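Beneath this line is the structure, given in structure tokens, with notes to follow.
Here is the structure:
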């Protein structure tokens, strides 16, 4: 598969990532996302190749990740696009690896099982499984918070939204948002600590 850069008749080279995202949200013109693609597709492909270890799946991952950007950039407030995009890429690849594990022939798994790269990958998957377990515990504990605290904590920690963004999305005053997050975080810690003691 040959990657074809986006055509870009609009002069966007001098814009920052944040400016491109803001312009895309304002105009919905795909050329702004195209400039982000031109800037970052090599980096995303490199990360995908590191995890998937095959050029074709890495290219597929690249195209899938960027195809979702058109919707995600409109939906979320992203303060550091580079950091956010690479985190999305890593999570996408780890989920793909987990899915593919169930369809890999046994002899292929056995052949590679003790290689350093495979064991490194297994460690990554263990970390992902632990992360998913903790996330499930967190989501369960969130249900015990007051609605205002739950909403603000979810937006702040799980969706990486800013105080101002949460205030605009919920209608809560900015100082209320900060208070709900602070109190919600403290209450979550109490709930999780109590559960840990019971185990």
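Numbering (this note's numbering), first residue to last: 507 to 705.
Quick reminder that beta carbons are idealized off the backbone N, C-alpha and C, glycines included.
Here the structure is a predicted model, which means the values were calculated and not measured.
Cβ neighbours of residue i in the same chain (closer than 7 Å, five flanking residues each side left out)
i           : result
residue 585 : 668
residue 550 : 568, 571, 591 and 595
Straight-line Cα distance separating residue j from residue i
i           : j           : result
residue 535 : residue 676 : 27 Å
residue 565 : residue 571 : 10 Å
residue 704 : residue 684 : 31 Å
residue 525 : residue 658 : 26 Å
residue 651 : residue 548 : 43 Å
residue 643 : residue 537 : 41 Å
residue 662 : residue 582 : 11 Å
residue 616 : residue 546 : With a pLDDT of only 38 at residue 616, under the threshold of 50, the placement of this residue in the model should not be trusted, and no figure is reported.
residue 687 : residue 645 : 15 Å
residue 603 : residue 589 : 21 Å
8 Å Cβ shell around residue i - same chain, five flanking residues per side excluded
i           : result
residue 670 : 680
residue 553 : 592, 595, 596 and 599
residue 579 : 527, 530, 531 and 539
residue 647 : 694, 697, 698 and 701
With 16 other Cβ atoms within 10 Å as the buried cut-off, status of residue i
i           : result
residue 574 : exposed
residue 532 : exposed
residue 557 : buried
residue 522 : exposed
residue 655 : buried
residue 610 : Note on residue 610: pLDDT 43, under 50, position unreliable in the model; no value is reported.
Proximity to residue i [Cα-Cα], best of the options
i           : options               : result
residue 555 : 600, 653, 688 and 662 : 600
residue 666 : 653, 520 and 587      : 587
residue 543 : 664, 563 and 576      : 576
residue 649 : 519, 560, 546 and 691 : 691
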